[in-house]
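What follows is a short report on a single structure.
Numbering (UniProt numbering), first residue to last: 1 to 294.
Below is the structure:
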């Protein structure tokens with residue numbers, strides 16, 4: 001297991017990649033983290049429907065010295081991270097105060113989880129490929145990923161990059177079939193499973209173009225990337241009307257990449273951004289407080 005996330009983050013992030021027994025233990029813990037910090041090994045084994053030796057092996061696989069050390073670390077992480085790593089709500093938020101608190105906690109949780117997965121090397125590699133690209137095509141399908149792809153276009157065109165975005169699966173395949181070696185596909189996906197994105201990545205790499213993905217590191221899409229920026233983004237599973245919290249993680253990654261690109265292009269785009277600000281004066285007067293880079 002990775003070593004950047006805290007214990008609770010890692011149980012969530014790596015859940016899909018665990019073997020069945022380990023996943024059962026992780027889920028038993030995540031179902032009630034606070035209770036898990038107090039459970040004796042016998043009761044945790046009963047909840048997970050595994051043997052006590054299996055619990056011991058699990059704790060060692062995640063880097064603890066044993067069950068006692070695991071409980072201490074779990075309690076510490078829960079106490080320190082309680083302000084932003086919270087259990088799923090068991091009731092629907094339907095009033096103003098509850099909704100505001102629920103959405104706020106979901107936002108903080110998504111950002112905390114995205115930050116815990118940060119891969120500085122991948123961020124640097126992705127930004128370098130995009131900085132040098134002749135053309136950039138931002139792809140996403142569905143809700144949050146399609147919107148973040150459009151936001152990527154909005155961020156990057158200001159940095160004097162030739163960039164466009166589409167969420168049309170038909171158009172994505174056509175674009176991928178016409179790219180050249182100095183073009184880059186910039187693809188966002190929570191699951192890494194949409195066929196149009198996988199097919200586009202395959203097509204582009206077969207033509208020697210580069211593919212930068214922001215997706216689950218173990219997904220089919222990630223396996224066809226030149227550079228994958230890993231992101232396991234959690235959705236709201238209990239209440240279907242809650243907005244997808246995953247987009248906050250995606251936007252966090254996009255902000256990191258666009259900031260790195262901006263730093264690389266600072267000397268060449270500064271004058272152009274100043275001209276852009278000047279043209280906006282005619283629309284609504286002074287633009288001193290308007291962020292032209294956003």
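Glycine included, each C-beta is placed from N, C-alpha and C at the ideal position. On a predicted model such as this, the values are computed, not experimentally measured, just so you know.
Here the segment 213–226 makes no contact with the segment 108–116; the two share fewer than three CB pairs at distances below 8 Å. Looking at the backbone, the Cα of residue 280 and that of residue 274 are separated by about 10 Å. If you draw a straight line from the Cα of residue 178 to the Cα of residue 263, it is about 30 Å long. Comparing alpha carbon positions, the residue from 282, 278, 231 and 271 closest to residue 123 is 231. Counting the other Cβ atoms within 10 Å of the Cβ of residue 100 gives fewer than 16, which makes it exposed.
Per DSSP, the continuous alpha helix (DSSP H) segment holding residue 27 begins and ends at 20–31. A direct Cα-to-Cα measurement between residue 41 and residue 21 gives close to 15 Å. In this structure, residue 139 keeps its C-beta atom at 8 Å or more from the C-beta atom of residue 206.
DSSP places residue 187 in the uninterrupted beta strand (DSSP E) bounded by 183–188.
Annotated three-state conformation of residue 215 is strand, per DSSP. Here residue 7 is not near residue 36, since their CB atoms are 8 Å or more apart. Taken atom to atom, the span from the alpha-carbon of residue 261 to that of residue 270 is near 13 Å. At least 8 Å separates the beta-carbon of residue 44 from that of residue 30.
Assignment of residue 228 by DSSP, reduced to helix, strand and coil, places it in the strand class. For residue 165, the uninterrupted beta strand (DSSP E) segment begins and ends at 163–166. When the five nearest sequence neighbours on each side are left out, the beta carbons in the same chain lying within less than 6 Å of the beta carbon of residue 203 are those of 176 and 177, in order along the chain.
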